[in-house]
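Chains as they are written, first to last, in the working numbering: chain U, 34 to 338; chain V, 127 to 516.
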């Protein structure tokens, strides 16, 4: 177990390092410096700026400086917004994105488990068909289509929910559904098939023959085992929610991380793209790591390799 | 097929055998090829046939459709902006007219064909009315209350309104006056081509990587699989975005970005298959007659793994379509005036309130495609390997 944890830690660090180098080199290979704009700086100012940000040095030296800053948690300054650093974007955007992400996770878990369980217990009947229908729709509709459809129905047609904003809890409802829809459908399908498999096992028959109520059989005996595969996909699910938030945040105009990332892309704000990528990646890799370790703790049968 | 040997048909295995048959003791059917077998199982499932049907319909629409349209994807006519596929027409002074959301008056012919905008003579902003002149005929548009109405020369309000189909643009026109149908065909074609090339690129990389890794084994395998592990922990969406920023938006960029990222899964599948195959006797037999490793891989191992490869491939295509739409949506996709389904969706976002059809149409096509490929992939998996069925 410990060996596995150490190995995974080393792997995560290696991945992070590879990603930082890759990101840095890619962003630096794009022609044009950050201060080459049509405003035309005077040569002395440009030289001073290049000096300040070490832009005159070779890429490797710059990479070393960047790594050093990263180690102190400094992601650098934005090249497009004067006086803003990438850290400012993250500290202002993270609370909104974090709330949205947590709401989406809670929504996904609260809906997918009952849906999947219902479908499995009513296997072959109309409840099963209905859940599978919803789940199939959910995995085939892209999040931006889902988001816009929700806006159209609930904000324009029915006029009961706001189209945008993170000012009140109502503004979070539609983004949460749009963001979590895919994962909800995916998990519901997974839970259904895994519970179906578990319900056919001998120990379920044993539990029933002891005279335990069906409710207890499902919740105590079946569901516990059926939920193990769900934990394996939690890591990728979180990744999905996180990257899905780029689109959802920009459609609902929520001042989160995603909107800074997307506007960074369209403004060609390379430090922001770089910093955000690294931030997101660290976050994701950390989550996947925690989920994997957690999984090993929960299921003692897993091999540590 | 059945008559020759008196062997029962597997489609009717309990059927009566002829009384004098050499094969009375024989249990079995005429042998079928693998493909025929797969097709037999595939067509039994309604959803897989539905998936195949959806893909065929959308492909026909995308590739054959353009021969039958009057407009190309870039033809624009600024007179006809944002005209929906169905709209309200007003009969007034003997003519049929449509009032656009932009307060233009459009003359209609034969119950739905657009035949030019009517000249505006004067407008009274305060009273919310405008005077139009249609070939000497005076018409007054009153837009003070919804629905907008039309008054003829003598000030009589036109009573009869009817819903008509847009005969010029069957699926409406977009915000720049382009035919939605031509653009949808073009967009679907771009999306399909991008997804197919990206999937094929992934196929080639994945199959090569996976098969070499499995066939060589040992330390080569260990190193190659560590690479796969590292790549699979990378957040792929971020990586695709980085490549797109690096390569600049465009067809090549998107194909390269999507084509080089999603092969990891394919490599794993192929490796697993080949690991289980390479110990089989037919490989040994091939080696004893002196075949080279390349021949064994290409002629014997990979064809045997084709089933799982095909299934993984069909599952990759909707993923690529999704990703292409996603990239186009955040502004990294196909640049204008080209169109893909994703860019069409993102263009329509601003007009969602007034012309929702502009979003619904491309969104519907994306869903139909991902639906189709998912269903077909499921069906193929079940048909190729009945043991895997859930």
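Glycine included, every Cβ here is placed at the ideal spot set by N, Cα and C.
- The CB of residue 475 (chain V) comes closer than 8 Å to the CB of 181, 284 in chain U, given here in chain order.
- By the neighbour-count definition (other C-beta atoms within 10 Å, threshold 16), residue 97 (chain U) is an exposed residue.
- Among the CB atoms of chain V, one or more fall inside 8 Å of the CB of residue 56 (chain U).
- Annotation: the continuous alpha helix (DSSP H) that includes residue 330 (chain U) extends over 303-331.
- Contact between residue 212 (chain U) and residue 277 (chain U) holds, since their C-beta atoms are separated by about 5 Å, short of 8 Å.
- According to DSSP, residue 224 (chain V) shares a beta bridge with V:232.
- Exposed is the label assigned to residue 124 (chain U), since fewer than 16 other Cβ atoms lie within 10 Å of its Cβ.
- Residue 315 (chain U) places its beta carbon 8 Å or farther from that of residue 44 (chain U).
- One finds 368, 369, 371, 372 in chain V with Cβ atoms closer than 8 Å to the Cβ of residue 59 (chain U), taken in chain order.
- Taking a C-beta distance under 8 Å as the contact criterion, residue 187 (chain V) and residue 314 (chain V) qualify as a contact pair.
- Partner residues in the beta bridge of residue 287 (chain V), as assigned by DSSP, are V:216.
- For the C-beta of residue 279 (chain U), the chain V residues within less than 7 Å are, from N- to C-terminus, 456.
- Residue 285 (chain U) carries a coil assignment under DSSP once its states are collapsed to helix, strand and coil.
- Residue 439 (chain V) carries a helical assignment under DSSP once its states are collapsed to helix, strand and coil.
- Bounds of the beta strand (DSSP E) holding residue 243 (chain V) are 239-243.
- Residue 297 (chain V) has a beta carbon lying at 8 Å or more from every beta carbon in chain U.
- Residue-level contact check: residue 214 (chain V) does not touch chain U, since none of the beta carbons of chain U fall below 8 Å from its beta carbon.
- Closest by C-alpha distance to residue 87 (chain U), out of U:105, U:110, U:106, U:319, is U:110.
- Taking a cut-off of 8 Å for Cβ pairs, the segment 302-319 of chain U and the segment 361-370 of chain V touch, as three or more such pairs fall below it.
- Residues of chain V whose Cβ lies closer than 9 Å to the Cβ of residue 92 (chain U) do not exist; the shortest such Cβ separation is about 14 Å.
- By the Cβ neighbour-count rule, residue 236 (chain U) is exposed, with fewer than 16 other Cβ atoms within 10 Å of its own.
- Under the criterion of beta carbons closer than 8 Å, residue 452 (chain V) and residue 280 (chain U) qualify as touching, at roughly 6 Å.
- By the rule that beta-carbons nearer than 8 Å mark a contact, residue 355 (chain V) touches chain U.
- For residue 251 (chain V), the three-state secondary structure derived from DSSP is coil.
- With fewer than three CB-CB distances shorter than 8 Å, the segment 175-182 of chain U does not count as touching the segment 242-256 of chain U.
- A direct Cα-Cα distance of roughly 12 Å separates residue 258 (chain U) from residue 328 (chain U).
- Not one beta carbon of chain U lies nearer than 8 Å to the beta carbon of residue 183 (chain V).
- Residues of chain U whose Cβ lies closer than 8 Å to the Cβ of residue 500 (chain V) are, in chain order, 169, 172, 173.
- Its Cα nearest to that of residue 316 (chain V), the residue V:463 stands out among V:338, V:483, V:463.
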